[in-house]
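Student:
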Amino acid sequence: MAAWAEGLVSAQTALKEGKLFDGVQAINACMEAFAKALGDETDQVLRDPMAFLEAHVAKLSGEQKDALRTMYEVRGDIITGLGANKRAALDYKSAEMLGAQSSAASEKLGAQIKDKIAKAETAGKEQAKGSNKDKVPVTVLTGFLGSGKTTLLNQILKEFHGKRIAVIENEFGEVGIDDSLIEGSSMAMEENIIEMNNGCICCTVRGDLIAGLKKLIKNSMKSGKALDGVIIETTGLADPAPVAQTFFADDFVQQNLYLDGIVTLVDAKHLILHLDEEKPEGVENEAVEQVAFADRIILNKCDLVDAAQLDEVEKRVRMINEPVKIVRTTQSKVDMDFILGIEAFNLDKILDMDDGFLADEQDHQHDERVSSCGFHVKGEVAHQKLNEWLGALLKEKGQDLFRTKGVLAVQGMKQRFVFQAVHMACNSAPQKDWEADEERICKLTFIGKNLNRKELEDGFKKCLVNGGYTVN
């Protein structure tokens, strides 16, 4: 049996069992092996079927034509099941072309392929609204560090107070801060907030993401209380592609949830700086990926720049993702209809941009110069000392400090003191009161390039009131 033949059987079996993501891996490997057997080492058999056939069809035997026709039809069936109808139509047309040249292909088979082409083309022209009505919609909030994701998340939870919105939150940092910044809601009380801060959601904790989604759905089924939606807030260093792929890679997730849209927040003041940053070889620019994969762009912090710079930022966004819908905002304030219930994620669009999107080998490499330093301390800080130290630090190191955030106990202050900064731009304000019997603690996180942990730790120690220092 030829090397590719086993792969074809595996793909057909996966298709019958509804394991579509496994089927994609099997059929792609099968077709690449078939092409290599013909001496073609490119990926043209998948990426550009018509060009591949034009180059090789004259040399194929009748048996090879029949086999390749079956491969393209099986691939079309699998891709249709995943929702990429436009791409499936191309595979079906390739099968039709091969069938026309095959003596073994019957008129019945030809008619079946024509019917599949017609259905795929019709479905591909307009994504069917309501086709996911029995599934829970998921919105992915992404955007570089400090773009306003947590602020937007709080806006959503306030706007939809009373609805069952679950949250999965991912932080890049040693000490979790954002869970303290998510304002209370009825959903939080029902343990529908899952925090993952032991790695980036797009790589090291992707399995945890799948487990978290399954847990939410199973708990919902068990309680009989259906979820109205799930929001995933990614770390600012996440590549959205592997996160989006999750909704195709796991059968349970695919059957019970659907990706409603990828919403990317961009910081009007700092976006161009991050888009133009030179990365080491092999390391992707996360800011570029986040813009490229967006179904909606929220151009945030518009109050920090003038009209000319806003136009330039929007121009740069359009150079990466021309058709994306953009709204300009301050404080992440946006109409909920712009970001939720939009059914905007389109697999065909993603495959046009990244034909390797469905490959089960996503490799997201973070810039090794970027790290985080986190401090979790019992006790209080002196307000004046803290202000002086942070002010000097941001002035001197602000270019390399992507994100600074903290929830602190300040001597003489009844409320939690929340500090946030993006590069040198910072703001701070009291939040909710400390409870009378609650232990007063300080949590502070820095994310940036070339961080000197000892230098940051020594500086923070000098701000403490009692000199005590315990890092958890």
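Every letter in the sequence shown is one number past the one before it in our numbering, and letter 372, counting from 1, is 846. Each residue gets a CB set at the ideal place from its N, CA and C atoms; glycine is no exception.
Would you say residue 573 and residue 543 are within 7 Å of each other, going by their C-beta atoms?
Tutor: yes
Student: Thinking C-beta only, is residue 562 closer than 7 Å to residue 594?
Tutor: yes
Student: With three or more C-beta pairs closer than 8 Å as the rule, is the stretch 707 to 724 touching the stretch 755 to 767?
Tutor: yes
Student: What's the call for residue 830, buried or exposed, on a 16-neighbour Cβ count within 10 Å?
Tutor: exposed
Student: Using only the heavy atoms of the ligand NAD, determine whether one of them is closer than 6 Å to the beta carbon of residue 688.
Tutor: Because no ligand of any kind appears in the structure shown, any question about the ligand NAD cannot be addressed here.
Student: Quick one: what does DSSP say residue 904 is sitting in, helix, strand or coil?
Tutor: strand
Student: Just the C-alpha distance for residue 690 and residue 615, rounded to the nearest angstrom, thanks.
Tutor: 18 Å
Student: Give the list of continuous alpha helix (DSSP H) stretches no shorter than 4 residues that lie fully inside the stretch 512 to 557.
Tutor: 518 to 521, 523 to 530, 536 to 556
Student: Is residue 938 close to chain B? Criterion is C-beta to C-beta, closer than 7 Å.
Tutor: Although the question refers to chain B, the structure presented lacks it and comprises just one protein chain.
Student: Can you name the residues that DSSP bridges to residue 889?
Tutor: According to DSSP, residue 889 bridges with 907.
Student: Can you name the start and end residues of the beta strand (DSSP E) that residue 611 belongs to?
Tutor: Residue 611 -> beta strand (DSSP E) spans 610 to 616.
Student: Using the Cβ count rule (16 or more neighbours within 10 Å means buried), how would you classify residue 855?
Tutor: buried
Student: Quick check: the stretch 891 to 908 against the stretch 818 to 826, are there 3 or more CB pairs under 8 Å?
Tutor: no
Student: Just tell me which of 802, 768, 524 has its CA closest to the CA of residue 774.
Tutor: 802
Student: From the DSSP output, in three-state form, read off residue 878 for me.
Tutor: strand
Student: Is the Cβ-Cβ distance between residue 806 and residue 625 less than 7 Å?
Tutor: Yes, the pair counts as a contact, with Cβ atoms nearer than the cut-off.
Student: Within its chain, find whatever has a CB closer than 8 Å to the CB of residue 871; leave out the 5 residues flanking it on each side and keep chain order.
Tutor: 922
Student: Just to confirm, are residue 500 and residue 485 a CB contact at a threshold of 7 Å?
Tutor: yes
Student: Does the pairing of the stretch 929 to 938 with the stretch 844 to 863 give three or more beta-carbon distances under 8 Å?
Tutor: yes
Student: Would you say residue 489 and residue 552 are within 7 Å of each other, going by their C-beta atoms?
Tutor: yes
Student: Check whether the Cβ atoms of residue 622 and residue 896 lie closer than 7 Å to each other.
Tutor: no
Student: Could you compute how far the alpha carbon of residue 864 sits from the alpha carbon of residue 716?
Tutor: 35 Å
Student: Taking residue 794 and residue 765 to be in contact with their CB atoms under 8 Å, please state how far apart those CB atoms are, rounded to whole angstroms.
Tutor: 5 Å
Student: From which residue to which residue does the alpha helix (DSSP H) around residue 790 run?
Tutor: Counting along the chain, the alpha helix (DSSP H) containing residue 790 begins and ends at 781 to 794.
Student: Going by DSSP, which residues form a beta bridge with residue 802?
Tutor: 773
Student: I'd like to check one pair, residue 849 with residue 722: are the Cβ atoms closer than 7 Å?
Tutor: no
Student: Rounded to whole angstroms, what's the CA-CA distance from residue 876 to residue 743? Just pull it up for me.
Tutor: Straight across, the Cα-Cα distance linking residue 876 with residue 743 is about 13 Å.
Student: Go ahead and label residue 494 buried or exposed: buried means 16 or more other beta carbons lie within 10 angstroms of its beta carbon, across all protein chains shown.
Tutor: Taking all protein chains in view, the Cβ of residue 494 is crowded by 16 or more other Cβ atoms within 10 Å, so the residue is classified as buried.
Student: Among all the DSSP beta bridges, which residues are the ones paired with residue 916?
Tutor: According to DSSP, residue 916 shares a beta bridge with 851.
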